[in-house]
Each structure stands twice: as structure tokens, then as C-alpha cells.
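Counting from 1, position 436 in the sequence shown corresponds to residue 963 in my numbering; the numbering is continuous, with no gaps.
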Amino acid sequence: IPMDLEKQKFSEFKTLALSANQMIDARQKAETIIKSEEKKFRTLFEHVSDYAIILQNKNNQMIIVDLSASACEFHGYLRDELIGQPITIIDLEETEVTQDDPRMKNLEKGETIHFERVHRRKDGSTFPVEVLVRMIEIERQQYFFSIERDLTEIKKIENQQIELEKQLRQKYKMEAVGLMAGGAAHNFNNLLAIVLGNLEMGQRKISETEKVKKYIKNAQTAVLRSRDLINQILIYSRKGSHNKVPIQLSSVYNETLKLISSTNPATIKLNSNISPEGESVTIYADSGQIQEALINLYTNAMHALDEEGEITFSLGTVDLSQGDMSAEYDRSPGVYARVSVQDNGCGIPSETLTRIFDPFFTTKEVNVGTGMGLSTVQGIVDQHEGLIKVRSDLGEGTIFDLYFPTTEPQQLEERVKNLEPPHGSEKILLVDDDEMLIDISEQMLAELGYSVTSVLSGKQALALIKKNPQLFDLVITDQTMPEMTGKELSVELMKINAQLPIILCSGYSSKISATDIDQYGIKAYCAKPVRLAALAQVVRKVLNQE
């Protein structure tokens, strides 16, 4: 072989050898890098905050293809027990995945989606989780990378905060009732004085029929006002869930003014202005919360006045533009109902005005207030998608404006009044532990034509029914009685004769009310004191099974 050719071939071989070595070195380096990256990924995957799961959509089911050790520990499974299984093995709420699923559409856009789920451990116990999911691509295959967090402790804290807020709001409501208690006692005693005075004059003028009728009518009016006063205080002070329905705002406004007027001290002048539009405006609201907000603003004004001055309530409508909306409210322009509470008290300093809605912030002395009143008002307004504005000048007074979005008016039910109460001849068992009350109740029912048997305890009533379950057509029982309450009596009577209708009466009970009587077999509820005409209507309606 010529020397030049030999040199050329050796050079080519050397070049090939070097290229091969370079390729081997490059591959080894690449493998080292890949192994290093895999190790980094696995380290990050295993040490991610909370726990991680990788899923893949197979035949419209999310299948677990990998998960962190912490995910196994949280759910009480070994890794091999979960890999290859559908996510439904641990996710109680997951369903079949389709292309129409809005979550899938968002994931395909590259978005990270967030939701909450309830997960199940191997032992069957469950716990709430927060889920963050993003779609990733590995070797041209789509996977779903999920970071999940156990919310058990967070939910517990949230529930404690909700319960604390309820307790604080109830405490503030009791403070408001306490503030009005003096006025309530004053007015209640005035009403009792009217009843007593008219009854005594009726006795003295017994032979003068027209005068006696007038005295009796006055006594009736005072009793009914007393009943309304007690009912309004109970409605405001009681705990309960909230229920939003279309309401005519003027009815809540007027009822609140009645309650406030009956407890308002004589040294404070109350004014009220309702526009023609305000009379008929309807909002979607919980009437109890609206009343709570107005009473909180009233008590706030009372503190500002120091029990001397004027408070003016106003109700109307206003058309708000986008420019009228404060920056903190995300509200749409349109027609709003406006309720205003104005006082001519001391006013609020500008440095304080920015903090008046902060929870627990108060300028009152210790033990005078919680600082939750105005915060509660703002919370109620927010829950009704409204807004609140305040204007104040030192020494001139303060105006709070509450705005609520309006809704379509609802047709109001017509109340038909019968001049003559309906009569009957059925047999009624009357149960009450108060002898004077049972005596007058028996006379009222007998006046309507009924045959009445009276007993002074639930046990006596139960003994009579046990002897003859068909003896009576109706039972009317008081709720609050010693040894056996009206509710307990009703439960026992239902065991003996499930067809026997029962009417429950009560002056007040925290154990039962008109809204929860169905479960005890009770057909109707009457709040004491009850007028003869109203009692006659209820009795006839129950006996007729209307």
C-alpha cells in the first residue's frame, strides 16, 4: 500500500475513533444529566408542600400514575395499592371526565384550576382537601399534576371563626336589647296601667253599657300592643338562620320603627320620612337582618346623642350611576332602595371615620360596647349585595345611608276578616296549668258552642285519652307546664291516636315555635294572648282539616 494512502486511511480511522469517543462521552454526559434531573424531580416531587399526585386520563377516567410518599401516608395506602387505580379510590366526588367538562377546557388552555374535594382514607375516614391541578406534557403524553392540601385544621378554624362571629353578633343584639330595656319597661308598664285602669273603670260603671264597652275596647287595644311589643323584641333577639325572600321594605321599616318607638326615651325625638316610591319598593332580603341593621344604627345614634336630640329615619329609592359606587363595592348601577338613619349628635372625627366598620373598633368605654355594631351592619349590607355610605360633621351629626338593590314587587296576600267568629259543637280537651287562664279559655270556647273539658296538667290529659282515645275531637294544650310540656304530651298522644288534632299555645318557649311543630303531630300554633276571633278561626280550620 502506498505510504500516502496508508497515512490517509489511518487519519480517517483516527477521526472516526475520536468521533465515536465523543459520541460515547456525549451520551454518558446526557445520561448523567438525565439521571440528575430525574433525581431532582423525584426529590422535589417527594418533598413538595403537602402532597402530589400525577394523573392521566384513560377512557374518561383519571388514573393515578404516580404519587408522593406523603400522599400515600395521608391516605393510609402503600404506593403499589394506588398506582394504576382510578382517582375515585380516594376522591369521593370525582366523576367521569368528558371533553365537555369545563375543568378540562381550562386545563387545555394551560390554566391552573383550583377546587375543593372530600378524600377518603383506606380506613374509610374522610377529610377535606384543597386541589391545584395543571396539565403537563411528558414525552408527548398529557398528564395532570395535582398538588393537594389537607384542609381539616383550616376548616376547623373557619368553623370556630363563624361560630365566634355568631356569638359576637348575638352579644351585640343583646346589648341593643339591653339599651332599649328601660324604654320597653316604661312603655310596657304604661300599657298595663291602661289595661288595669280601664278594667277598674268598667267595674265602677258596670250599669252604663256604652262606657263599659269603651273601657273594654281600650283594654283590648293595650293588651294587643303589649303582645306586639314582646313579639318584636323576641324576633329581634332570637338566634336563627337567615332566609332571603322578596320583601316590601316599608313593612320591615315600619315594624322596626314600632319597636324602636315603644322603647325610645322621651328625651329623643324620632322622625320618619317615607317617599311614595319607598312605600312600595321591594328588595330580596332577610327581614330579620334588615331589622338588625336598622336597630344597630339606632343604638349607635343613641350613643352619639347621649339620650338627648333627634334621630330621623328615611326610606326612598335612588338611581345610582357607576360614578356613585365607592371603589370598595363591586356593584352594578341601577335603582336602589335607600334607608337613611340621621342623628344630630356629636359627629365622628375624620381620623375615626375610616375605622368605624372595623370589627372590635370602638370609641366607647370598656364594658359599654363590643365594637361589633357597625361591623355587623356592613356585613349585612354586603350579604344583600348593597352598599353603605356615611357622612359626618363634628358637632353637627351623622347620616348612614344603606342601599339595597331592588327586585320585582310580589303580589301581597289579602287578609279577609270575618265579623262573626265561626262556631262549632265538637268536644275539646283544654290543657293548661294556669287556673285563671284555663277558666277564661273554657268560657271563650263554650261561647263558640264547643263542649269543653279542662285539665291542669299534661299527665291528666294523657290519662283521659288513654281511657278513651276517641273521646275528644281536638286537644288544645299549653307548651310550658311542669312535669310534661305540651310538646311531650303531643308526642304521647300521637302514639295513642295519630288522628287526634292538636293545637299548641304558648306565651313564649325557646324549645318550640310556630316553624317547627310539624314533626310533633301538632296541627297549629297560637301565640298567647290570642283573641277570641283568631282562636275561633284556628280551631275551625284544624277541625275542618283545611
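Cβ coordinates follow ideal geometry from the N, Cα and C atoms, glycine included. Small disclaimer: the values here were computed from a predicted structure and weren't measured.
Determine the extent of the beta strand (DSSP E) in which residue i is found, giving its start and end residues.
i, result
"residue 920", "914-920"
"residue 1004", "1001-1005"
"residue 1064", "First-last for residue 1064: 1059-1070, but that is the alpha helix (DSSP H), not the beta strand (DSSP E)."
"residue 811", "809-812"
"residue 1030", "1029-1033"
"residue 955", "954-958"
"residue 980", "978-982"
Under the rule that 16 or more other beta-carbon atoms within 10 Å means buried, what is residue i, buried or exposed?
i, result
"residue 1072", "exposed"
"residue 794", "exposed"
"residue 646", "buried"
"residue 864", "buried"
"residue 963", "exposed"
"residue 818", "buried"
"residue 598", "buried"
"residue 1023", "exposed"
"residue 602", "buried"
"residue 820", "buried"
"residue 740", "exposed"
"residue 845", "exposed"
"residue 826", "buried"
"residue 782", "buried"
"residue 1014", "buried"
"residue 605", "exposed"
"residue 901", "buried"
"residue 660", "buried"
"residue 743", "exposed"
"residue 668", "exposed"
"residue 989", "buried"
"residue 921", "exposed"
"residue 596", "exposed"
"residue 746", "buried"
"residue 903", "buried"
"residue 908", "buried"
According to DSSP, is residue i part of a helix, a strand, or is it coil?
i, result
"residue 662", "strand"
"residue 990", "helix"
"residue 942", "Here the model assigns residue 942 a pLDDT of 39, short of 50, so the residue's position is not dependable and the matter cannot be decided."
"residue 644", "strand"
"residue 590", "strand"
"residue 745", "helix"
"residue 606", "helix"
"residue 1055", "coil"
"residue 1014", "helix"
"residue 739", "helix"
"residue 858", "coil"
"residue 899", "Only weak support exists for where residue 899 lies, its pLDDT of 47 falling under 50; the value from the coordinates is given anyway. Coil."
"residue 849", "helix"
"residue 619", "coil"
"residue 613", "strand"
"residue 557", "Below a pLDDT of 50, predicted positions are generally treated as unreliable, and residue 557, at 48, falls in that range; the measurement from the model is reported next regardless. The answer is helix: DSSP assigns residue 557 an H, G or I state."
"residue 595", "coil"
"residue 869", "strand"
If residue i and residue j are in contact, beta carbons under 8 Å, what's the gap, nearest whole angstrom?
i, j, result
"residue 580", "residue 675", "7 Å"
"residue 807", "residue 874", "Contact doesn't hold; Cβ gap of about 34 Å is too wide."
"residue 1059", "residue 971", "5 Å"
"residue 957", "residue 981", "5 Å"
"residue 870", "residue 812", "Their Cβ separation, rounded to whole angstroms, is 24 Å, which puts residue 870 and residue 812 out of contact at 8 Å."
"residue 590", "residue 609", "About 10 Å; that fails the 8 Å criterion."
"residue 994", "residue 978", "At roughly 17 Å, the Cβ-Cβ gap does not stay under 8 Å, so residue 994 and residue 978 are not in contact."
"residue 802", "residue 843", "4 Å"
"residue 810", "residue 934", "6 Å"
Please go through the same chain and pick out, in chain order, the residues whose beta-carbon is closer than 6 Å to the beta-carbon of residue i, but skip the five residues on each side of it.
i, result
"residue 857", "none"
"residue 670", "581, 583, 663"
"residue 913", "930, 931"
"residue 841", "800, 867"
Among the residues of its own chain, which have a CB less than 7 Å from the CB of residue i, if the five just before and after it don't count?
i, result
"residue 1029", "1002, 1004, 1017, 1020, 1048, 1049, 1050"
"residue 1053", "1030, 1032, 1062, 1065"
"residue 633", "640"
"residue 688", "none"
"residue 796", "837"
"residue 924", "869, 870, 871, 872, 874"
"residue 960", "983, 984, 1005, 1008, 1009"
"residue 1081", "No answer is possible for residue 1081: it lies beyond the span of the chain, which begins at 528 and ends at 1073."
Can you tell me where the alpha helix (DSSP H) with residue i in it begins and where it stops?
i, result
"residue 968", "962-974"
"residue 771", "Looking at the DSSP string, residue 771 is not in any alpha helix (DSSP H), and its letter there is neither H nor E."
"residue 633", "629-635"
Leaving out five residues on either side along the sequence, give the residues of the same chain with a beta carbon under 8 Å from the beta carbon of residue i.
i, result
"residue 620", "644, 645"
"residue 798", "837, 838, 839, 840"
"residue 1070", "951, 953, 1000, 1001, 1028"
"residue 883", "875, 901, 917"
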